[in-house]
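Asker: What follows is a structure written as structure tokens; I'll ask about it next.
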Amino acid sequence: MTEGSGERALPLAVSIHTHGSLHPALVQQGRPLCAKGGQDGGPSSRITLAQLFTGQAPVCPSAPRTDQAFIPAAPLVRQQTRCLLLLGSRIDPPPTQKPIHPPTHSPSKKEPHPPPVKSKTKPNGKKPPTEEKKQYLEPEYTKVRVVDFDLKELVVLPREIDLNEWLASNTTTFFNLINLQYSTISEFCTGDTCQAMTACNTVYYWYDEKGKKTKCTAPQYVDFVMSAVQKLVTDEDIFPTKYGKEFPNAFETLVKKICRYLFHVLGHIYWAHFRETVAMDLHGHLNTLYTHFIVFIREFNLVEPKETSIMDDLSEVLCTPLPPAQNHVTER
């Protein structure tokens, strides 16, 4: 996974608290996500989850500010910026204090989530042998989104835009958004509460550069993922940002690997920390992010169906657009 500036944009250094400290991978310079500008972007900007979801992330002085997500119009050339694709309505930033767990939604078991069934092989995406009640599948939660339109329209490759450019822009955006979403529950994801990286009774193991298999806690696994992906997306030889520089031949393979690992993180949030997400009233954001990500990887066949099959029940519910009257858009 660890195989892995320009003239278009000012960099933003995204700072996120993970386990009480700044995530080291995100203190580094990230892939440009704001308006066209120079290589050195000045001081880093702290971006809240609400700002990213509402399109209110700070932009560089040379670009006009907008409160709506920006979809680049064709033709798009390399000099133009990467853009934030996920739309959202205005909401208040998530609270900084520890959320209160609503007792009405708390399971009777003392464990924060059901104990996983250990796997002796590499995760293969098989469905769990026994079906358990999943809170995130209940209609009162699945109908909550932050947008009320079909997200499939956002992932289709626009005319006259290079495929690799489109994959790079979307992959970088999803990396940042999923990292931010995980940061909202990171204080609950510890070595004690999540002794293995699980999602739907599947245990994931980390494989290093030499292919050595390592069982680790969920927070360790997520740290490995985020650090490895950050290293890839900031590598100019893999994710070029300068005009005229070509993408490597193995670029699509690397994008597929990144998306597979990001899916694991989303799956773990739903499986182990959906209760905390509901307590913070962020399940609408999680649903929208997950839906956007799934329709993107399906559009370009970036993750094998057998890998994502453990979440097929949720994917089918969320990827089916609800009638406007039933789609509860989160607004405040």
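Position one of the sequence shown corresponds to residue 1 (the UniProt record's numbering), numbered consecutively onward.
All C-beta atoms in this analysis are idealised placements derived from N, C-alpha and C, irrespective of residue type, glycine included.
Please read these numbers as outputs of a predicted model, since none were measured by experiment.
Please confirm whether residue 270 and residue 182 have their CB atoms less than 7 Å apart.
Answerer: No, the pair does not count as a contact, with Cβ atoms beyond the cut-off.
Asker: Using three-state DSSP, classify residue 173 as helix, strand or coil.
Answerer: If DSSP states are grouped into helix, strand and coil, residue 173 belongs with the helices.
Asker: Could you tell me the alpha carbon to alpha carbon distance between residue 212 and residue 191, rounded to whole angstroms?
Answerer: Computed Cα separation, rounded: 21 Å.
Asker: Out of 144, 178, 276, point me to the one whose CA is closest to residue 287's CA.
Answerer: Per the Cα distances, 144.
Asker: Quick one: what's got a C-beta closer than 8 Å to residue 142's C-beta in the same chain, skipping five residues either side?
Answerer: Correct list, in chain order: 136, 287, 314, 317, 318.
Asker: Could you tell me the alpha carbon to alpha carbon distance between residue 260 and residue 307, rounded to whole angstroms?
Answerer: Taking the straight line from one Cα to the other gives about 8 Å.
Asker: From residue 228 to residue 254, what does the alpha carbon distance come to, in whole angstroms?
Answerer: Roughly 11 Å between the two C-alpha positions.
Asker: With three or more beta-carbon pairs closer than 8 Å as the criterion, would you say the stretch 272 to 290 touches the stretch 240 to 259?
Answerer: In short, these stretches do not touch, since the Cβ pair count stays below three.
Asker: Just to confirm my understanding: we take residue 164, look at its own chain, exclude 5 residues before and 5 after, and list those with CB closer than 8 Å. What are they?
Answerer: So the list reads 247, 251, 252, once near-sequence residues are dropped.
Asker: Taking the Cβ atom as the reference point for each residue, do residue 282 and residue 184 lie within a distance shorter than 7 Å?
Answerer: Cβ distance < 7 Å, so residue 282 and residue 184 count as in contact.
Asker: Strictly by DSSP, which residues pair up with residue 218?
Answerer: For residue 218, which the question treats as bridged, DSSP gives no partner whatsoever.
Asker: Apart from the five residues on each side of it in sequence, which residues of its chain come closer than 8 Å, Cβ to Cβ, to residue 217?
Answerer: 190, 191, 194, 195, 196, 197.
Asker: Does residue 257 pass the burial test, meaning 16 or more other C-beta atoms within 10 Å, or should it be called exposed?
Answerer: Per the 10 Å Cβ criterion, buried.
Asker: Buried or exposed: where does residue 301 fall if 16 or more other Cβ atoms within 10 Å of its Cβ makes it buried?
Answerer: It is exposed - the Cβ of residue 301 has fewer than 16 other Cβ atoms within 10 Å.
Asker: Roughly how many angstroms lie between the CA atoms of residue 225 and residue 187, to the nearest whole one?
Answerer: The alpha-carbon atoms of residue 225 and residue 187 are separated by roughly 17 Å.
Asker: In terms of residues, what are the limits of the alpha helix (DSSP H) holding residue 279?
Answerer: Per DSSP, residue 279 belongs to the alpha helix (DSSP H) from 251 to 279.
Asker: Roughly how many angstroms lie between the CA atoms of residue 280 and residue 245, to the nearest whole one?
Answerer: Between residue 280 and residue 245, the C-alpha separation is close to 43 Å.
Asker: Quick check on the DSSP output: the beta strand (DSSP E) that includes residue 202 runs from which residue to which?
Answerer: Element bounds for residue 202: 202 to 204.
Asker: Should residue 156 be labelled buried (16 or more other beta-carbon atoms within 10 Å of its own) or exposed?
Answerer: Burial call: exposed.
Asker: Measuring alpha carbon to alpha carbon, tell me which residue in 134, 161, 149 is nearest residue 291.
Answerer: Among 134, 161, 149, the Cα nearest to that of residue 291 belongs to 149.
Asker: Quick test of your reading: residue 172 and residue 222, contact by CB under 8 Å. State the CB separation rounded to the nearest angstrom.
Answerer: Their Cβ separation, rounded to whole angstroms, is 18 Å, which puts residue 172 and residue 222 out of contact at 8 Å.
Asker: What is the residue span of the alpha helix (DSSP H) that residue 308 lies within?
Answerer: Residue 308 -> alpha helix (DSSP H) spans 305 to 308.
Asker: Is the CB-CB distance between residue 297 and residue 200 below 7 Å?
Answerer: Contact: no.
Asker: With H, G and I counted as helix, E and B as strand and the rest as coil, what does DSSP make of residue 299?
Answerer: Helix.
Asker: Within 10 angstroms of its Cβ, does residue 139 collect 16 or more other Cβ (buried), or is it exposed?
Answerer: Residue 139 is exposed by the Cβ-count criterion.
Asker: Which of the three DSSP states, helix, strand or coil, is assigned to residue 143?
Answerer: Residue 143 falls in the coil class under three-state DSSP.
Asker: Let me know if residue 219 comes out buried or exposed under the rule of 16 or more other beta-carbons within 10 Å of its beta-carbon.
Answerer: Per the 10 Å Cβ criterion, buried.
Asker: Rounded to whole angstroms, what's the CA-CA distance from residue 206 to residue 235? Just pull it up for me.
Answerer: Near 22 Å, if we compare the C-alpha coordinates of residue 235 and residue 206.
Asker: Could you pull the DSSP bridge partners for residue 168 from this structure?
Answerer: Bridge partners of residue 168: none, in fact.
Asker: Pop quiz: residue 303 and residue 263 are said to be a contact at Cβ under 8 Å. What is the actual Cβ separation, rounded to whole angstroms?
Answerer: Their Cβ separation, rounded to whole angstroms, is 6 Å, which keeps residue 303 and residue 263 in contact under 8 Å.
Asker: With burial defined as no fewer than 16 other Cβ atoms inside 10 Å of the residue's Cβ, what is the status of residue 170: buried or exposed?
Answerer: With 16 or more other Cβ atoms within 10 Å, it is buried.
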